[in-house]
Structures are given as structure tokens and as C-alpha cells.
Amino acid sequence: MTDQKFSATILVTGANGQLGNEIKILSKNFTGYRFLFTTKEELSIENTESVKAFFKNNHIDYCINCAAYTAVDRAESEKEKAFLINADAVGELAKNCNDNQVKLIHISTDYVYDGSRNEPLKESDSVGPVNAYGSSKLKGEQLALDQNPSTLIIRTSWVYSSFGNNFVKTMLRLFKEKEEINVINDQLGSPTYAADLAAVILLFIDRMQEGKSFSGIVNYSNDGVTTWYQFAEEIKALVHSNCKINPIPTSAYKTAAERPLYSVLDTSKIRELLDINIPSWKKSLKSCVEVLKAD
Ligand SMILES: NC(=O)c1ccc[n+]([C@@H]2O[C@H](COP(=O)([O-])OP(=O)(O)OC[C@H]3O[C@@H](n4cnc5c(N)ncnc54)[C@H](OP(=O)(O)O)[C@@H]3O)[C@@H](O)[C@H]2O)c1
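Residue -9 is where the sequence shown starts when you use the numbering used here, and the numbers rise one by one after that.
Dropping the structure here:
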């Protein structure tokens, strides 16, 4: 039983990543819930026996799975590892959630889409990952829903935060180190501030505590569309850098993993489900840069 002080217990796996850390910060405002934050070292989702024992030994109501293999390029040469963490382990986690009546909230990616469309991608649109990371995440979605049809999967895109490694922090570093950089200008997407995603996840839990029920796939990103180059220009403006940014095509920047050229998510479903407005990517970027400046 969850301690009477708390209305529910929430397990957060992969708590040392961008999203996990943002949930940790936000959890301080959610004193009605008991949070169990577990890092990879404390609870590896690959370790079937540990996961099973953890669910047996702790009364959990919700599991937010922030654990993932997120090295998109490295996944091309470490497919097995990517599938183990992003697919097989997610299936096992979903099974444990099902066996213990735990609501699983799992995070997926815009990279499940093939990038060939040119209008915002709905949850029901066809998928077709163009890289190993996307394939492993898609398999994870399928296994999660197979093992536990009540799983709520949130697909998100271009995630950044003041924690971990991400595009925003890389740009800030490069602006200090270089006078000139090249950034891709023909991939379209929507950045997502992990703090906003964290807030939406906890809002889902609040609504479920009120008796609402959510399952299946839902997309979430910040509002608006940009390219990596425009994203970099916006970061540059916020920190008044003099670094020169050259827009380049994808073809001029070779990476191990192919990226979808278009991965803008249609977020109308989540707006309707939760009756929310989503902050624009520029506004949220400004908030994150302010946090980073204060650090
Ligand atoms: N980052 C993006 O741009 C992006 C875009 C779309 C969707 N997503 C999805 O959003 C979710 C959150 O991403 P994020 O950016 O917060 O990722 P992140 O910063 O890379 O965090 C993932 C965390 O999971 C941990 N982890 C790895 N293997 C694990 C295991 N076997 N057991 C437990 N923990 C493990 C990692 O630890 P180590 O670092 O020590 O390995 C890391 O702390 C993921 O599902 C990701 O696929 C991310």
C-alpha cells in the first residue's frame, strides 16, 4: 500500500537523464505523490530479475520509463544493445507493470517516422524508421502495447534540457570554442524542452488520479517548426554570441545514422486530451537558456 500521506507512488526509471532530472525538479511541487527515482546503476531495466524484484518489493502505481539508449549514431554499430534497452527491456517492464497493475508511461520518438511527409505527423500516420535507434524505439512501442495494452506512450522530438548532453548545450560550447560552425538547415522538426514534457507527464498522472483514463500513443513537442540551423541561430541570439553559423544541407554532414528530413509532430491530440496550450519552442528555449546561464 502507498503510504497514506501519498495518493500514489511513481517510479521513474533512467532518472539520471534529461527527462528524469526534469521530473525530479518538478516532483518537489507534487508533494501528494511518493516518487521513487532510480538511475541505471540502481535499477537497470535490462536486468529482468531486478525489475521483477523491484516491482514485487515496492507498491507502485505509475512507472514513467525515462530509461533509454539514446545515442542515435552509435546505435548503428550497437544495434543489439539499442534493441535490448529500447525494445526487449521495455517489453519486460510493460509485462511487470501489467502483472502488478502499474500504469506505464513510456517515452518514444519522432524517429519512428520515415521523414518523407511534409505535414505534421499524427499518431495514426504510418511509421518507418530510417535508423537503428528509431527501429529499436518502434519495437519498444509495439512490445509495450503487446504486453500491456493500457500503456501510455508519448512520442517526442528534439529533446533538450539543462541536464545531460543535447543540441542546446553543444551549441553553447561551440559558440565559445569556434568562430564559425556549420549547422544543418534541411531537417524540419520541433524542439522539446524536457521540463515541459515532464510537466505534461505529471499532468497526465493528475488527470488519471481524478479518474480519467489514457492509453495508446500520443505526440508531444513544443509548438512551432524549425530547422537545426534556425534553432542554433535562436540560441546564438539568446546568448549574444558572435559565432558565425553557416546553414548546410544534410548531404554535407555525414553521420552514421540517417535522420528523417521531416519529423514535425502533430500535437492536436494531446492538446485536446489534456485541454492545454503548448509553449512555443522559442519561449521554452529562452527558459532553458536562462537556467543554463544561472548555473
Ligand atoms: N534526447 C532526445 O532528443 C529525444 C528525442 C525523442 C525522444 N526521446 C526519448 O525520450 C526519453 C528520454 O530521453 P532523454 O533525452 O532524457 O535521454 P537521456 O538523457 O539519454 O536519459 C536516458 C537515461 O537512461 C539511462 N539508461 C540507459 N540504459 C539504461 C538501463 N538499462 N536501465 C536504466 N536506465 C538506463 C541512461 O543512463 P546512461 O546515460 O548512464 O546510459 C540515462 O540516464 C527516451 O525514451 C528517449 O528515447 C529523446
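Idealized CB from N, CA, C, for every residue including glycine.
1) Who are the near neighbours of T38 in its chain, counting only those whose CB is closer than 7 Å to its CB and skipping five residues on each side?
2) Taking DSSP as the reference, what is the three-state secondary structure of E170?
3) Exposed or buried, what is P181 when buried is set at 16 or more other beta-carbons lying within 10 Å of its beta-carbon?
4) Quick check: what's the CA-CA separation for V158 versus V279?
5) For the beta strand (DSSP E) containing F25, list its first residue and its last residue.
6) What is the C-beta distance between E36 and L74, in whole angstroms, given that I count them as a contact (C-beta under 8 Å)?
7) Out of K14, N6, S253 and L133, point me to the one whose CA is closest to I191's CA.
8) Scan the stretch 34 to 58 and note each continuous alpha helix (DSSP H) run of 4 residues or more that stays entirely inside, going in chain order.
9) Is I97 close to ligand 1? I mean its beta-carbon at under 7 Å from any heavy atom of the ligand.
10) I'd like the span of the beta strand (DSSP E) that includes V208, first residue to last.
11) Helix, strand or coil for L251? Go by DSSP, reduced to three states.
12) Hey, is I235's beta-carbon within less than 8 Å of any beta-carbon in chain B?
13) Does the Cβ of L113 lie closer than 7 Å to at least one heavy atom of ligand 1?
14) Excluding sequence positions up to five away, which residues of its chain have a Cβ less than 8 Å from the Cβ of L16?
15) Expressed to the nearest angstrom, what Euclidean distance is found between the alpha-carbon atoms of A77 and L135?
16) Given a threshold of 16 other Cβ atoms within 10 Å of its Cβ, counted over all protein chains shown, does D265 qualify as buried or as exposed?
17) Rounded to a whole number of angstroms, what is the C-alpha to C-alpha distance between E200 and D176?
18) Once the 5 residues before and after D51 are set aside, which same chain residues still bring their CB inside 6 Å of it?
19) What are the boundary residues of the beta strand (DSSP E) that includes I144?
20) Skipping 5 residues on each side, what residues in its chain have a beta carbon closer than 7 Å to that of E224?
21) Please classify K202 as buried or exposed, where buried requires at least 16 other C-beta atoms within 10 Å of its C-beta.
22) Looking at the strands, I want to know which residues DSSP matches up with N236.
23) Label P239 either buried or exposed according to how many other C-beta atoms from any shown protein chain fall within 10 Å of its C-beta, with 16 as the threshold for buried.
24) Please list, in chain order, all residues of the same chain as A84 whose beta carbon is under 7 Å from its beta carbon, the five residues on each side excluded.
25) On the DSSP letters alone, give me the boundaries of the beta strand (DSSP E) that S231 sits inside.
26) Buried or exposed: H230, going by 16 or more other Cβ atoms within 10 Å of its Cβ?
Checking against the coordinates, here is how it stands:
1) Taking the sequence shown and counting its residues from 1, the one referred to as residue 38 is at position 48. Here the set comprises E82.
2) Taking the first residue of the sequence shown as 1, we reach residue 170 at position 180. Per DSSP, reduced to three states, the secondary structure at E170 is strand.
3) Residue numbering aside, residue 181 sits at position 191 when the sequence shown is read from its first letter. The C-beta of P181 has 16 or more other C-beta atoms within 10 Å across all chains shown, which makes the residue buried.
4) Numbered from 1 along the sequence shown, position 168 holds the residue referred to as residue 158. Numbered from 1 along the sequence shown, position 289 holds the residue referred to as residue 279. Distance between the alpha carbons of V158 and V279: 8 Å.
5) Counted from its first residue, the sequence shown places residue 25 at position 35. Looking at the DSSP string, the run of the beta strand (DSSP E) that includes F25 is Y23 to T28.
6) Along the sequence shown, read from residue 1 onward, the residue named residue 36 stands at position 46. Along the sequence shown, read from residue 1 onward, the residue named residue 74 stands at position 84. At roughly 6 Å, the Cβ-Cβ gap stays under 8 Å, so E36 and L74 are in contact.
7) For the purposes of this step, residue 191 is taken as residue 201 along the sequence shown, with counting starting at 1. Answer by Cα proximity: K14.
8) For secondary structure counted as the alpha helix (DSSP H) over 4 or more consecutive residues, the stretch 34 to 58 holds these complete runs in sequence order: 38 to 47.
9) Walking along the sequence shown from the start, residue 97 turns up at place 107. Checking the Cβ of I97 against ligand 1 gives yes.
10) Counting from 1 along the sequence shown, the entry for residue 208 is found at position 218. In the DSSP assignment, V208 falls within the beta strand (DSSP E) that extends over G206 to Y210.
11) In the sequence shown, counting from the first residue as 1, residue 251 sits at position 261. The three-state secondary structure of L251, taken from DSSP, is coil.
12) Among the chains in the structure shown there is no chain B, since it carries only a single protein chain.
13) Position 123 of the sequence shown, counted from the first residue, corresponds to residue 113. Sequence inspection shows Glu at residue 113; the Leu mentioned does not correspond to that position. Incorrect: E113 has no Cβ contact closer than 7 Å to ligand 1.
14) Looking up residue 16 in the sequence shown gives position 26. Closer than 8 Å at the Cβ level, and outside the excluded window around L16, lie A185, A188, A189 and L192.
15) Counting from one through the sequence shown, the residue named residue 77 turns up at place 87. Counting from one through the sequence shown, the residue named residue 135 turns up at place 145. Each residue's alpha carbon lies about 11 Å from the other.
16) Reading the sequence shown from its first residue, position 275 is the one you call residue 265. When all chains shown are included, D265 counts as exposed.
17) Along the sequence shown, read from residue 1 onward, the residue named residue 200 stands at position 210. Along the sequence shown, read from residue 1 onward, the residue named residue 176 stands at position 186. So the alpha carbons of these two residues sit roughly 43 Å apart.
18) In the sequence shown, residue 51 corresponds to position 61, counting from 1. Closer than 6 Å at Cβ, skipping near neighbours: A(-2) and T(-1).
19) The sequence position of residue 144 within the sequence shown is 154, counting from 1. Residues L142 to T146.
20) Indexing the sequence shown from 1 puts residue 224 at position 234. Excluding positions up to five away in sequence, the list reads K272 and L275.
21) Numbered from its first residue, the sequence shown carries residue 202 at position 212. Counting Cβ neighbours within 10 Å, K202 comes out exposed, since fewer than 16 surround it.
22) Along the sequence shown, one-based indexing puts residue 236 at 246. Listed as beta-bridge partners of N236 by DSSP are N172.
23) Position 249 of the sequence shown, counted from the start, is the residue given in the question as residue 239. Looking at its Cβ environment, which holds fewer than 16 other Cβ atoms inside 10 Å, P239 is exposed.
24) To locate residue 84, count along the sequence shown from 1; it is residue 94. The residues are L94, L133, A134, Q137, N138 and T141.
25) To locate residue 231, count along the sequence shown from 1; it is residue 241. Taken as a continuous stretch (DSSP letters only), S231 belongs to no beta strand (DSSP E), as it is neither H nor E.
26) If you number the sequence shown from 1, residue 230 lands on position 240. Its Cβ having fewer than 16 others within 10 Å, H230 is exposed.
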